[in-house]
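S.K.:
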Amino acid sequence: MKRYLYPLALAALLSCTSTPHATAPVATLATPIPTATPVVTAKALVTSAHPEASRIGVEILQKGGNAYDAAVAVQFALAVVLPVAGNIGGGGFLLYRGADGQEGALDFRETAPAAATRDMYLDKQGNVIPDLSTLGHLAAGVPGTVAGMWELHKKLGKLPWKEVVQPAVDLAAKGVVLTEKEAAGLNRTKFITTAVTAGQHMEHSQATPGVRMEAAVNEMGFLPNSYVREGRPWQPGDTIRHRYLASTLSRIRDEGRTGFYAGTTADLLTQEMQRGHGIITKQDLQNYQPKWRTPLHGQYRGYDVLTFPPPSSGGVALLQMLQMLEPYDLGRAGWHSPQATHWITEAQRRVYADRATYLGDPDFGHVPVKQLLEKPYNKQRMATTLPYRATPSSQVTAGPNFPSYESDQTTHYNIVDAQGNAVSCTTTLNGAYGSKVVVAGAGFLLNNEMDDFSSKPGTPNSYGLVGGAANAIAPGKRMLSSMTPAILTKNKKLALVVGTPGGSTIITSVLQAILNTLDYGMNAQQAVAAPRLHHQWLPDLIDVEAGALLPATQDTLRARGYKLNPRAPWGRVEVIRVLPGGRLEGGADPRGDDSSQGY
Ligand code: GLY
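According to mature numbering (1 follows the signal peptide of the UniProt record, and there is no 0), the stretch in the sequence shown is residues -22 to -1, 1 to 577, in order.
1. Exposed or buried, which one is VAL155 when buried takes at least 16 other CB atoms within 10 Å?
2. Can you tell me whether GLY412 is buried or exposed, with buried defined as 16 or more other CB within 10 angstroms of its CB?
3. Between GLN213 and GLU160, what straight-line distance do the alpha-carbon atoms span, to the nearest angstrom?
4. Please report the Cβ distance between ILE66 and GLY153, rounded to the nearest whole angstrom; I am assuming they are in contact, meaning their Cβ atoms lie under 8 Å.
5. How many Å lie between GLY338 and TYR74 at the Cα?
6. Below 8 Å, how does it come out for the stretch 478 to 490 and the stretch 354 to 368: are there three or more Cβ pairs, yes or no?
7. When you compare the stretch 111 to 122 with the stretch 78 to 89, are there three or more beta-carbon pairs, one atom per stretch, that lie closer than 8 Å?
8. For THR495, which option in VAL36, PRO273, VAL347 and GLY309 has the closest C-alpha, if you only look at C-alpha atoms?
9. For ARG569, count the other beta carbons within 10 Å of its own beta carbon; 16 or more makes it buried, fewer makes it exposed. Which is it?
10. Buried or exposed: where does TRP270 fall if 16 or more other Cβ atoms within 10 Å of its Cβ makes it buried?
11. By alpha-carbon positions, which one of LYS468, SER459, ILE170 and ARG279 ends up nearest to THR388?
12. In whole angstroms, give me the CA-to-CA distance for ALA51 and GLY70.
13. According to DSSP, is ARG550 helix, strand or coil?
14. Does GLU30 pass the burial test, meaning 16 or more other C-beta atoms within 10 Å, or should it be called exposed?
15. Just how far apart, CA to CA, sit VAL416 and ALA118?
16. What residue range does the beta strand (DSSP E) around TRP139 cover?
17. Does the beta-carbon of GLU233, which I'm using as the reference point, lie nearer than 7 Å to any heavy atom of the ligand GLY?
18. Taking the beta carbon of ASP572 as the centre, do at least 16 other beta carbons fall within 10 Å, making it buried, or is it exposed?
19. For my contact list, ALA295 and ILE485 are in at a C-beta cut-off of 8 Å; report their separation, rounded to the angstrom.
20. Going by the C-beta, is ILE484 closer than 7 Å to any heavy atom of the ligand GLY?
21. Taking 7 Å as the line, does the beta carbon of GLY412 fall inside it for any heavy atom of the ligand GLY?
22. Between GLY312, LYS260, ILE34 and TYR330, which lies nearest to GLY292 when the distance is taken from Cα to Cα?
23. Helix or strand or just coil, what does DSSP make of TYR411?
24. Are the CB atoms of TYR441 and ALA22 nearer to each other than 8 Å?
25. Cβ-heavy atom distance between THR89 and the ligand GLY below 7 Å?
26. Using 10 angstroms around the beta-carbon of ASN543, count the other beta-carbons present and answer buried if the total reaches 16, otherwise exposed.
27. Checking 8 Å against the spacing of the C-beta atoms, do THR243 and ARG229 come in under that value?
28. Exposed or buried, which one is GLY559 when buried takes at least 16 other CB atoms within 10 Å?
29. Judging by CA-CA distance, which residue of MET428, ASN469 and PRO438 is the nearest neighbour of GLY454?
30. Opposite HIS28 in the DSSP bridges: which residues?
31. Taking only three categories from DSSP, how would you classify THR285?
32. Helix, strand or coil for ASP571? Go by DSSP, reduced to three states.
33. DSSP state of ASN196, grouped into three classes?
34. At a cut-off of 7 Å, is GLY122 close to the ligand GLY when judged by its beta-carbon and the heavy atoms of the ligand?
35. Taking 7 Å as the cut-off, is the CB of GLY119 close to at least one heavy atom of the ligand GLY?
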């Protein structure tokens, strides 16, 4: 059932008069909220980007594992079934809240290799060399995922490590049936590997000179190592076996962290680097450490919002936006109405301007988190909004006087176990299939996370994000992220678990999932399925997904000075909502193959 929240005829009246106010006009033009049915379970729920990963998470829970055991199993399963983003060659952020109220933020973000330099992606004239930070061996940061999972399990896991890694080994060895989306993704991607193994090879033009694409055909008729199908394109329903990845995962299962950062896997990774002119060394691998950080807290409409601190920019930005928006009656204004869109966009614009200036790795310089999260500061930022006019981004700069410095393919999963422990984890290779580099003989893809650094101040990265000194490259430093895992509680009880991939859009997609639930009364599936909007200060555009705004609303927004940019769907938001009485409601984004499963 579709519902129009407010009469359409009054819309035009609202576009041109009056002073700013926290209370919305009585009537305005709202976009109908599409219906969608969530999965509801009694005890436990996993939402992830792939049905096999969700299934494995549930199996671990049913065997007596807790949410943290399930997280390890889901993470490794995604490395097999979702090569576009699931990974062992990338990194991520995991936020948890235990049933006893304990909480933690595990940072297993990649780091810049020791040989990285501030200007490594610039030519002699100081210009950014196209593709160097996104494609090929030099684009990869030191992976953090395996160390992160090892650390999580060591601190909070219940089942033996081997038991939680084994399902991914089985998946890789037995093979995975490709979905339509995954087959299409593999077909449009040119993978890179330098392998010269038994079998045939074909030359392949890539950004990295001299790189050859492995074309040795395994016993299935599939390429064992490069995800490339010979002879015909991948079809949905094809089975892809990951022989080398199964071996790598077996080493991780048997040796834990060492199975990745030392021994055979480290040899294979560093040999791949040497052949492809990359800079990750054995010492980089050995030195990699995940970090426990102190989660951030904020409040919104009576809920406590727990989220991730720097080197994520997402937590700070989310809490800033929620502070900026709380005074406004978004529900009364109506979902995606001109007035609500106006307020939300102006908040996003201001927060992304702050992000570009102030956010970076806190281990390498001061990030003014406290100042950015002060209520008077964010109130004052919104005081400069015009009632019925867009503020051009050229007139919005970062807030002054702080002692500053400074995927589109990522994936997210949520887990709530029967005891009420909750995990919200976003993990990434950065771009689709990361750097496209497959580690020969090890069967996994490396990230291209180095592009999340600011290669040159003011020059946009692949998400159009600009940055400055705070996010400049330095050896061992973590690149700034937008990943925004979040957990909301009310009266100290778990209420909502949320997160998404989507590069720069992650923060605004998480914001909208929260607003959809708390301000607009959507269920978990509606909250993730509803079409989205996005503004990130620069470029000065509102990205608009099909169906997000009524034509009359678009006219009203244009009349206020907004530029609208129709854009293909983005994000894969996952939500778990705790219903009154304690049942769990799952929302898995229909834009992907995402799946909510539980019991
Ligand atoms: N690679 C996307 C992010 O971390 O924001």
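Here a beta-carbon is modelled for each residue, glycine too, at the ideal position from N, C-alpha and C.
M.R.: Taking the coordinates as given:
1. Only exposed fits VAL155, as fewer than 16 other CB atoms lie within 10 angstroms of its CB.
2. The residue in question, GLY412, is buried, as its Cβ has 16 or more Cβ neighbours within 10 Å.
3. Cα to Cα, the separation comes out at about 9 Å.
4. No, ILE66 and GLY153 are not in contact; Cβ-Cβ is about 18 Å, not under 8 Å.
5. Near 22 Å, if we compare the C-alpha coordinates of TYR74 and GLY338.
6. No: fewer than three Cβ pairs fall under 8 Å.
7. Yes, since at least three Cβ pairs between the stretch 111 to 122 and the stretch 78 to 89 fall closer than 8 Å, the two stretches touch.
8. The shortest C-alpha separation from THR495 is found at GLY309.
9. Buried: at least 16 other Cβ atoms inside 10 Å.
10. Exposed is the call here.
11. Taking only the C-alpha atoms, the option nearest THR388 is SER459.
12. Cα to Cα, ALA51 sits roughly 15 Å from GLY70.
13. Correct three-state label for ARG550: coil.
14. GLU30 is buried by the Cβ-count criterion.
15. Between the alpha carbons of VAL416 and ALA118 lies a distance of about 11 Å.
16. No beta strand (DSSP E) holds TRP139; the alpha helix (DSSP H) holding it covers 139 to 152.
17. Result no, Cβ not under 7 Å from the ligand GLY.
18. Counting every other CB atom within 10 Å of its CB across the protein chains shown gives ASP572 a total of 16 or more, marking it as buried.
19. With 8 Å as the limit, ALA295 and ILE485 qualify as a contact, their Cβ atoms being about 5 Å apart.
20. Using a cutoff of 7 Å, the CB of ILE484 counts as near the ligand GLY, since one of the ligand's heavy atoms is closer than that.
21. For the ligand GLY, not one heavy atom lies less than 7 Å from the Cβ of GLY412.
22. Residue TYR330 is the option with its Cα nearest to GLY292.
23. In the structure shown, the three-state DSSP call for TYR411 is coil.
24. With respect to ALA22, TYR441 sits apart: the two C-beta atoms are not nearer than 8 Å.
25. Distances between the C-beta of THR89 and the heavy atoms of the ligand GLY are all 7 Å or more.
26. With fewer than 16 Cβ atoms within 10 Å of its Cβ, ASN543 is classed as exposed.
27. Taking 8 Å as the Cβ cut-off, THR243 and ARG229 qualify as a contacting pair.
28. Result: exposed.
29. Per the C-alpha coordinates, the member of MET428, ASN469 and PRO438 positioned closest to GLY454 is MET428.
30. For HIS28, DSSP records no beta bridge to any residue.
31. DSSP places THR285 in strand when its eight states are reduced to three.
32. Three-state result, ASP571: coil.
33. Residue confidence for ASN196 is low, a pLDDT of 32 falling below 50, so the modelled location carries little weight; the figure read from the coordinates is stated next. The DSSP-derived three-state label of ASN196 is coil.
34. In terms of side-chain proximity, the C-beta atom of GLY122 is found no nearer than 7 Å to any non-hydrogen atom of the ligand GLY.
35. In terms of side-chain proximity, the C-beta atom of GLY119 is found no nearer than 7 Å to any non-hydrogen atom of the ligand GLY.
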